[in-house]
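Chains as they are written, first to last, in our numbering: chain A, 6 to 280; chain B, 6 to 280; chain C, -14 to 245; chain D, -14 to 245; chain E, 11 to 329.
Beta carbons are placed, not taken as given, at the ideal position from N, Cα and C, and that holds for glycine.
Here is the structure we will look at, set down as C-alpha cells.
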Amino acid sequence: MVDKAKPTAVALEDATVAFRLADSRIFTAVEKARLAVAHGEFVAIVGPTGCGKSTLLNVAAGLLKPAAGSVRIFDQPLAGLNRDAGYLFQADALFPWKTAIDNVAIGLEIKGAPRGKALEQAQAWLTSVGLGAFANRYPHMLSGGQRKRVGLAQVLIRDPKILLMDEPFGPLDAQTRQVMGNLLLELWSADRKAVLFVTHDLEEAIALADRVVIMSAGPGSRIIGDWRVELPRPRDIFEVRLDKQFHELHREIWGVLKEEVMKGYAQSSQRGGAA
Amino acid sequence: MVDKAKPTAVALEDATVAFRLADSRIFTAVEKARLAVAHGEFVAIVGPTGCGKSTLLNVAAGLLKPAAGSVRIFDQPLAGLNRDAGYLFQADALFPWKTAIDNVAIGLEIKGAPRGKALEQAQAWLTSVGLGAFANRYPHMLSGGQRKRVGLAQVLIRDPKILLMDEPFGPLDAQTRQVMGNLLLELWSADRKAVLFVTHDLEEAIALADRVVIMSAGPGSRIIGDWRVELPRPRDIFEVRLDKQFHELHREIWGVLKEEVMKGYAQSSQRGGAA
Amino acid sequence: MSRVTLLFCQVMVAVIVLALWQAFTTVPVFGRILLPPFFFSNPIDVFSQIVKWFSSGVIWKHLAITLWESILAFVIGSVAGILVGFWFARQPRVAAVFDPYVKMTNALPRVVLAPIFALWFGLGIWSKVALGVTLVFFIVFFNVYQGVKEVSTTVLDNGRMLGMNERQLMRHVYWPSALSWMFSSLHTSVGFAVVGAVVGEYLGAAAGLGYLIQQAEGVFDVAGVFAGMFVLSAFVILIDMAVTLVERRLLVWRPTVRES
Amino acid sequence: MSRVTLLFCQVMVAVIVLALWQAFTTVPVFGRILLPPFFFSNPIDVFSQIVKWFSSGVIWKHLAITLWESILAFVIGSVAGILVGFWFARQPRVAAVFDPYVKMTNALPRVVLAPIFALWFGLGIWSKVALGVTLVFFIVFFNVYQGVKEVSTTVLDNGRMLGMNERQLMRHVYWPSALSWMFSSLHTSVGFAVVGAVVGEYLGAAAGLGYLIQQAEGVFDVAGVFAGMFVLSAFVILIDMAVTLVERRLLVWRPTVRES
Amino acid sequence: AAQSKVTIAVGGGACLCYLPTVLAKQLGEYEKAGLAVELVDLKGGSDALKAVLGGSADVVSGYFDHCVNLAAKRQELQSFVVYDRYPGLVLVVSPKHTAEINSIKDLAGKKVGVSAPGSSTDFFLKYLLKKNGLDPTSASVIGVGLGATAVAAMEQGQIDAAVMLDPSVTVLQGSHADLKILSDTRTQHDTLAVFGGEYPGGALYSTAAWVKSHEKEAQALTNAILATLAWIHSHSPEDIMAKMPEQMVGKNKELYLAALKNTLAMYSETGRMDPKGADAVLAVFSEGSPEVAKANIDVGKTYTNRFVEQAKTTGQGAK
Ligand SMILES: Nc1ncnc2c1ncn2[C@@H]1O[C@H](COP(=O)(O)OP(=O)(O)OP(=O)(O)O)[C@@H](O)[C@H]1O
Ligand SMILES: Nc1ncnc2c1ncn2[C@@H]1O[C@H](COP(=O)(O)OP(=O)(O)OP(=O)(O)O)[C@@H](O)[C@H]1O
Ligand SMILES: [Mg+2]
Ligand SMILES: [Mg+2]
C-alpha cells in the first residue's frame, strides 16, 4: 500500500508492545502492528478507546521499546529517541514553569535560535492558534483547549519531519477544530511532513488524511483496516464533508469500527477478563 | 424559562468571575452569567474554547467564588463547597495512588459504606463503563479514555443530586460516547438529577439535554442563547439524530455558535488584546 | 545493571577506598604522609579492632544501647515531625504565627542544650533520644509541611467534591501525596538520629558507641574511634534498608521511570 | 489574616512564652521551681545580657564571624548538595553504587570529626565551615536527589521529544521541577548551617558566637548561653527570609492554593 | 623587630586551671616578651593537643599528663613551663548520697562521673581506687563533662560521686555547704598525700621538634608565664579577676571569686617541673592504661626545665 517512490518515514514491522502489570502479569496492548507511513503522507489512526493508539505513537517516538518487532525511521532502525519527530501528547505536557510564549519558544531555543527571534516566532505561532493575547499566561491559567493549542504551537514551531499527534483537537469546539485542521493541512502541504494523527472523530480523520487506519479493540490490538482517501487536495475540511465519496468512505469505515468497538467493550468489561 | 413547579437546583444570578493575572491585572472570564437549572433538568453548555465553561462549573461546585453575583443551590445561597454536587473534572483528577476500583469505591467509603460492599458496587460500575477487567490498574496504567471513564464511575457511584460534567466524553470514540451517553440518560431518567453538561459536540448536547445554553467568546463571556430541546423522551442518542426537529435545532444553534467562535478567535489571537 | 554487578561495583569502591587509605597512611607521597596515622589510623588496625570487639562481645551491649536510642529518636522524631507538619500545612494561620519560632528553634545548637536534657531526662538513654529527636524532627517536619502543600490542586478538588471531610482528605489525599516527601526526609534523618544518639552519649553517658568512641579518643586510640564510627555506619545502612522496604511497599502505585 | 494581625499574634506568642519562662524560673509551683535558674536563667537577665553585648559592641565581631561561617557553610553545602543530587539522579548507576556509602557518611558523628577538620582546615573559620557543610550537604542532597526523580514523566518526555539534550533537560525540566524540593531542604538547612558553625566554634575557636557561648557555659553564666542562642536564632530568621524571597521569585509560576 | 607569631591551643579556656595562659595575654606579658600570641579555645586538652600535632597550632596549654600518655604512642611532646603545681582534681560526693559514701572505699560498685572516659579525670579516679585497695574497674564510670551536665547530675544524685574541677566544685559548694570531698588536689596536703609530691597540672608543651627549633619562642613564652605567675602571687584575687576578660568571669562574680580563691594555691611559683611529679604522672597512667605501662617511657624526655633555669639566670621576664 505504500508508495514505492517515496522513502518510508515511519515503519512499524510486526511491533508488539507489552506492559508488566503490578502483579507482574504481562498485558499485551498491541500485537504485531505493521504500519508504514511514507514521507509526506498523512495517516490517521482511529480505534476504540484503550486499543493502543497512544502506545503506537509512543513506539514511533522511541519512548517505548516494542517487545518484539522493529521500528524503522527513514529506513534506519530506531535506537533510542526519534529525533526527527515532533510529538503532541494526549495528556497535558506543557512546562508549568514557563509562560505560554516561553513554552512555544523553547522548541527553537533548544536548536540554538537567539531568544529574541524565538520569542518573535513564538508570538506568531500563538497568534495562529488563536492565543496571541495569552502569551504571558502560565499553563495553569489557561483553559483545557487553550493548553492544547499552546502544545500544538510548541510542536509545530520546530518544524519536525515527522508529526505524531495524539488527539490534538480533542478539547476544542467544532469550529476551532476546523480552523486548526486547516492550519495543519496548510503546513503539511507546504513541505509534506509525514503525519501520524490519532483521533476519535472519523469525519476528521477522513477529511484530513491520505490514509485512515483502524485498530481493533485490545488487548492484543492489531491494525485491521487501512483505507486510502482519494479526495482531491487541497481540501477544505468543512467543504470536503459535503463530498459524496466522503460519505461512502465514512459509512464503510464506520461499519467496521462500530463492530470493533462493541467487541472491545464486551471484552474489557468482564471482570478479570482481558486485563 | 425555568419550570416554576420544580425547585431550582442550581441558580447563577449575574455571576461574574475574575482572575488575577501574574502582573496583577484582572481578567474577567465570565460576566453576569445568569443560569437556572431546575431539579431534574439536563442542561448542556456549549461554547467556544476558553469561553468560561469550566469556570462556570467551578462556580456551581463552590470551588470558585464569583466576584459579583450569587449562586443558589436548591434555593439556598451557596457558602463553601456544593455538597449536593458530583463533579467530573475536565482534567485528570483520579487519585494516582488508588487502583481503578479503589478510585471508584472511595465515593461510597467516604459516606461510610462498608468496604466490601463499596468494592462490589464499584466493580459493577466499572463494568458498566466498560472497564470491569481493569479494576486493579493504577491510573497511570490506563489510557486517556479509560481514565475518564473511571472518573465517570467515581462520580456516578455517589448518586449526587446535581451532576457537573466537564467534557466527560471528550477522549472517547464515537461509539463508546453513545454507550456512555445512553448510560447517563438512563441514570438520569431513573431519579431525575439536575445535570450541567459541558461539551464541544453540539449534536451530543442536543441529543442529551433538555436545554442547550450557548456562551459567547471570552473575555467577559456571557450566556447568549438558551434553546429548549423538545425531542421526546426516552431518547436513544443515536436514533434521535435522525429526527427532523434535531436537524433544525442543530442548524439554528450552529449558526449562532459559529459566528461566536470566529469572533472569539479573532479577539483572542491579537497580541496583548483581550487577556 | 544486575544485582551482582552492582554488588561487585560497591565492593570495589570499598576496596579502593580502603586501599588508598592504607597506602596514604603508610607510604609517603613526595616525602609526606598524606594521612598521618595519628589522625587516621589505618584500615588494618581499625578492622582488627572491630574484630576484637565482636569476638570478645563487648560491643554488643554498647551497640544495642546506641541502636535503641537511635531507633527511638528516629521514630519519635519522625512521628512528631509528620504530625506537626500535617497540622501546620492544614492550619495555615497556626503555621504563619509559629513559622519564625520553628525556624529559630531549628537553629539552636543542640550540643549546648545537653545539660538541660540531662536535667530533664537524666543521664540514661532518654537524654540521648531527646537530642536525636531535635535533629530528626526538623528534617521531617519541613519536608512533610512542604509535601502536604504540594498536593495537586485538581486531585485535592476532586477529593473535596467527593465529599471528603478533613480527616478523609488527610488519609486519602494529603497523606499519600506527601509520602515521597516524607520518605526523602526519613532517609536523611536515619543518619541524623544516629548522630544525635552518639553525640548525646559523647556528652555524658555510661555506655553506648559514643561512649566507646570517646573512651578511645581519650587515650588517643584513633583505630578505636574509626572502628566505632564504622560499626555505627554499618547499622545505619540496616535501618535505612528497613525504611526503603516500607517505602517500596507504600509507593507501589508510582510509575516506574522509563529507561533513558 | 492581615499582616498586622499576624504580627500581633506572633508577638503575643513571644510574650506568653517569655512570661511563662519568667514565672517558672522565679515563682515556685507546688513548692518547686519548675525551671531552676541555674539551668534556665530568666528572660530579664538574658535580655539585659543581649543589650549589654550590643551596646558595648563586643558582639559584632563574634556575630560577624559566625554569620560568615554559617553563610559559607550554607552556600557551599547546598551548592554541593544540589550538584551531587542532580548528578546522582541523572546517573542511576553511580547513585546505586554509592548509595550505601553516602548513607554511611551521613551517619558519622560530626563532632568526632572535628580534630580531622582542624587538621585539614586549621583552627580558623574553615574548619567550622566544613562542619556546617557536612550537615547542610546531606539535607540538601537527599531532597534534590528525590526531587529530580519526581519529575512528571509526561513533561519529561515532552522535553526529550522537543530535542533537549541532557544539559537542556537539566535547565528546563529537572531544575525547575526540583525547585520546591530544593527550597524545602534549604529552609531546614539554614538552621543546620548555623548549628554547624556554632558547634565548630564550641569545639575550638578564638571568636564567634559559639566561642562566646562556651565561655559563658564554662563559668555557669546561663544567661550568656541563652543570650548567645537568641542572637543566633534571630539572625537565622534573617537568612531564612532571604531564602524565602528567592523562593518566591523563582516559583512565581505555581498556582496559588485556593482558600478552603 | 618583627614579633614571632605563636598560636596556643587551650584545652578549655574557661577552666581556672588554665588561667595563667589567659592572664598573661591580658597583662600583655607575651608582647613584652616579643611574641604575638593567639589563644584558641578547644573543647578539651586532647583536642588542643591534636591541633598542635596537626600543625594548626604551635603550643598546647593543657595538662602535662598528655605528654606522658602520648609518649606511649611514640609522639614526642615536651613541656617547657609548668604553671599548675597541683592538678586541681577534686573527688566530690553527690549531695544526695552524702550519707552512704564516707571514703573512697565506699565507691565500689557506685556510679562515678568523670569528664569523659579515658580522660585525666578518669585516670585519676582509677589511681585513687587502686591506691585504696580497690579494683580500678570496681566503680562504673560515667562521662558527664565538666560543666552544667556534671553539676546537674550531681545535684540530682544521678551519679554517686564525680571527679570535678573548678569552678564546678565551687558551684556545688555554694549550694551545699556540707559538700563531702574525698580528695582535693587543689591543696598541697591532698596532692602530697595522693601523689607523694607536687603533681604537674597545666603546662605549656609542644612537640619536641618545635621546642628544639623554636628556642626563642619557647623562652619568651616561659618568661611571660613566669612573669604572670609572679604577678598572680603578688596580687589579690580581686585584682586578678579584674584583669580577666569579662566573658570568662561571667555574671556571677562571687562564684568566680570563690573559685579563684580555692584555686590560687594551685598555681606554681617557679614554673619548674618537679621530677617526682612527672614520675607520679607515669605511675598514674600506668595504672589505668596497659599501653602506657608496657611502653617503657622515659619520663625525662617529656619535659625540660632549661627554659625556666635560663629565665632565672637572666632575671625573670626578658627585659
Ligand atoms: N503503563 C501501562 N501499564 C499497563 N497497561 C497499560 C499501560 N499503558 C497503557 N496500557 C494499556 O494499554 C492499552 C492501550 O493504551 P493506549 O493508551 O495506547 O490506548 P489508546 O488507544 O490511546 O486509548 P485512548 O483513546 O483512550 O487514549 C490500554 O488497554 C491500557 O490500559
Ligand atoms: N487561574 C486562571 N487565571 C487566569 N485566567 C484563567 C484562569 N483559569 C481560567 N482562566 C481564563 O478564563 C477563561 C475561561 O476558562 P475556562 O477554563 O472556563 O474555559 P473553558 O470554556 O472551559 O474552555 P475549554 O473548552 O478550552 O476547556 C479562559 O480564557 C482562561 O484563559
Ligand atoms: Mg490515547
Ligand atoms: Mg474547560
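- Against chain C, the CB of Q320/E has no partner CB under 8 angstroms away; the residue lies outside that interface.
- Under DSSP, R25/A forms a beta bridge with I31/A.
- With 6 angstroms as the limit between CB and the heavy atoms of ligand 4, the residues that fall short of it are S148/A, G149/A, K58/B, S59/B, Q95/B, D171/B.
- Taken through DSSP and simplified to helix, strand or coil, R95/E comes out as coil.
- The three-state secondary structure of M220/B, taken from DSSP, is strand.
- In this chain, G175/A is not harboured by any alpha helix (DSSP H), its DSSP state being neither H nor E.
- Uninterrupted beta strand (DSSP E) stretches at least 3 residues long and entirely within the stretch 52 to 88 of chain A occur at 73 to 78, given in chain order.
- The CB of Q151/B comes closer than 7 angstroms to the CB of T54, G55 in chain A, given here in chain order.
- Residues of chain D whose Cβ lies closer than 8 angstroms to the Cβ of R163/A are, in chain order, L147, G148.
- Bounds of the alpha helix (DSSP H) holding W45/C are 43 to 75.
- Secondary structure of T159/E (DSSP, three-state): helix.
- Within the stretch 170 to 181 of chain C, the residues whose Cβ lies closer than 8 angstroms to any Cβ of chain D are, in chain order, S170, H172, T173, V175, G176, F177, V179, V180.
- Apart from the 5 residues on each side of it in sequence, L154/C sits with its Cβ closer than 6 angstroms to the Cβ of G144 in its chain, given in chain order.
- L156, G157, A158, V161, A162: these are the residues of the stretch 147 to 162 of chain E whose beta carbon lies less than 9 angstroms from some beta carbon of chain D, given in chain order.
- Excluding its 5 nearest sequence neighbours in each direction, D215/A has C-beta neighbours in its own chain below 8 angstroms: E46, F47, V48, R233, V234, listed in chain order.
- For E209/B, the enclosing alpha helix (DSSP H) starts and ends at 207 to 213.
- For the stretch 129 to 147 of chain D, the residues whose beta carbon sits under 7 angstroms from a beta carbon of chain A are, in order, T139, V140, D142, N143, R145, M146, L147.
- Shown here, I229/A sits in a strand according to DSSP, grouped into three states.
- A distance below 8 angstroms separates the beta carbons of L147/C and R163/B.
- If you look at D142/D, you'll find it in the alpha helix (DSSP H) that goes 138 to 146.
- Nearest to M167/D by alpha-carbon distance, out of Q200/D, F122/D, S(-13)/D, E186/D, is F122/D.
- Shortest Cα-Cα distance from N306/E to any of V78/E, H107/E, T131/E involves V78/E.
- Excluding the 5 residues flanking it on each side, I50/B has same chain C-beta neighbours closer than 6 angstroms at K58, V203, V218, in chain order.
- Along the stretch 209 to 272 of chain E, the beta strand (DSSP E) occurs as fully enclosed runs of 3 or more residues at 212 to 217, listed in sequence order.
- Of the residues assessed, H245/E falls on the exposed side of the cut-off, its CB having fewer than 16 other CB atoms within 10 angstroms.
- For M167/D, the closest Cβ of chain C is not nearer than 8 angstroms.
- Taking the C-beta atoms as reference points, F106/D is found nearer than 8 angstroms to A115/D.
- W102/A counts as buried, since no fewer than 16 other beta carbons sit within 10 angstroms of its beta carbon.
- Here W193/A has F47, V200 as same chain residues with Cβ atoms under 7 angstroms from its own Cβ, once five neighbours each way along the sequence are excluded.
- For Y86/D, not one C-beta of chain E is nearer than 8 angstroms to its own C-beta.
- A Cβ of chain A is located within less than 8 angstroms of the beta carbon of P240/D.
- Check the Cα spacing between L171/D and each of P240/D, F127/D, P85/D, Q199/D: the tightest is with F127/D.
- For A38/A, the Cβ stays outside the 7 angstroms cut-off from all heavy atoms of ligand 1.
- Using a CB distance cut-off of 8 angstroms, D225/D counts as an interface residue toward chain C.
- Along the stretch 22 to 80 of chain E, the alpha helix (DSSP H) occurs as fully enclosed runs of 4 or more residues at 29 to 37, 39 to 42, 55 to 63, listed in sequence order.
- Between the stretch 58 to 75 of chain B and the stretch 88 to 95 of chain B there are three or more inter-stretch CB-CB distances shorter than 8 angstroms, so the stretches are counted as touching.
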